[in-house]
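Following UniProt numbering, the residues of the sequence shown are numbered contiguously, the last one being 120.
A virtual CB, placed ideally from N, CA and C, is assigned to each residue, including glycine.
Note that the structure is a prediction, hence the values are computed from the model and not measured.
Everything below concerns the one structure shown next.
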Amino acid sequence: MAYVDGFVVPVPKAKLDAYLAMSRSCGAVWREYGALEFRECVGDDVKPGKLTSFPQAVDLQDGEVVVFSWIVYASRAKRDEINDKVMKDPRLAEMMDPAKLPFDGKRMIYGGYEMQVDIK
1 MAYVDGFVVP VPKAKLDAYL AMSRSCGAVW REYGALEFRE CVGDDVKPGK LTSFPQAVDL
61 QDGEVVVFSW IVYASRAKRD EINDKVMKDP RLAEMMDPAK LPFDGKRMIY GGYEMQVDIK
């Protein structure tokens, strides 16, 4: 069964175009190395919750939007192999500098997930 890396990121609306440009560049590299899908979704109907929500989870500030993202791989082993290559790719080195990111990486939530249900 496939494996998924998932992300929830607060992005300043003023830097959303830069974030999406960075994402397109990163996505091309991930796909080149074998990722099956690379998706970025900008929040459109994401309300703060009473106990939990995406905005609360990333400490969303005024002027920011929540971005929900995922990358799909054939397996955990393929994910580990692909991510190892991606992290060494010189095309991404400058984009991975925390000082140059168009978002606050300290508030990004991410993790790897084993897919259990896949209905298309």
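Item checked: Distance, Gly-27 Cα to Asp-5 Cα -> As a position in the sequence shown, residue 5 is number 5, starting the count at 1. As a position in the sequence shown, residue 27 is number 27, starting the count at 1. The straight-line gap from Cα to Cα measures roughly 13 Å.
Checklist line | Where Ile-119 sits in the DSSP three-state scheme | finding: Translated into the one-based positions of the sequence shown, residue 119 becomes position 119. Here Ile-119 sits in coil by DSSP.
Notebook entry, point to check: Ile-83: which of Pro-98, Val-29 and Ala-18 sits nearest, CA to CA?
Noted result: If you number the sequence shown from 1, residue 83 lands on position 83. For clarity, residue 83 is Asn in the given sequence; the question names Ile instead. Among Pro-98, Val-29 and Ala-18, the Cα nearest to that of Asn-83 belongs to Val-29.
Item checked: Sub-8 Å separation of Phe-38 and Met-108 beta-carbons -> As a working note, residue 38 is residue 38 in the sequence shown. As a working note, residue 108 is residue 108 in the sequence shown. No, the Cβ-Cβ distance between Phe-38 and Met-108 is not below 8 Å.
Margin query: Assuming contact is defined by CB atoms lying nearer than 8 Å, are Arg-79 and Glu-114 in contact in what I supplied?
Written below: Here the question's residue 79 lines up with position 79 in the sequence shown. Here the question's residue 114 lines up with position 114 in the sequence shown. Contact: no.
Check: Would a C-beta distance cut-off of 8 Å place Glu-3 and Gly-111 closer than the cut-off?
Finding: On the sequence shown, position 3 is the one that residue 3 refers to. On the sequence shown, position 111 is the one that residue 111 refers to. Looking at the sequence shown, residue 3 is not Glu but Tyr. It is not a contact, given that the beta carbons lie outside the stated cut-off.
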